[in-house]
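FYI, the numbering for the sequence shown is -20 to -1, 1 to 66, going by mature numbering (1 follows the signal peptide of the UniProt record, and there is no 0).
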Amino acid sequence: MRSIALTMFGLVLAAAPALAQQAAQPSEAMSSSDAGSGMGKLLTQGYEIRAAVPNGTRYIVFLQKDQSAYACEFVSLTKSRCGSIN
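Structure, rendered in structure tokens:
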């Protein structure tokens, strides 16, 4: 189980540049009803991945920059939903 979590975390880190490019395109990684930002956009703004935890069949990724933090849930491999947690 631990190796699966480490593998998924590695995939998240490897996909970060692709997510950043995805968020920069007109079809953003979040729907218009979401109040937060897509993970790719947050990564381009300087947020750093601090932790990733499994949530059923999905992963929740925690990002932080200075005193601001976000939690992002992967909807698919290329889309995420994020919201501020502070």
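Glycine included, every Cβ here is placed at the ideal spot set by N, Cα and C.
- Rounded to whole angstroms, the separation of the alpha carbons of CYS52 and PRO34 is 12 Å.
- Under the three-state reduction of DSSP, LEU23 is assigned to helix.
- Under the three-state reduction of DSSP output, VAL33 falls in the strand class.
- For TYR27, the CB contacts under 7 Å within the same chain, skipping 5 residues up- and downstream, are LEU43, GLN44, LYS45 and TYR50 in chain order.
- Straight across, the Cα-Cα distance linking ARG38 with ASN66 is about 22 Å.
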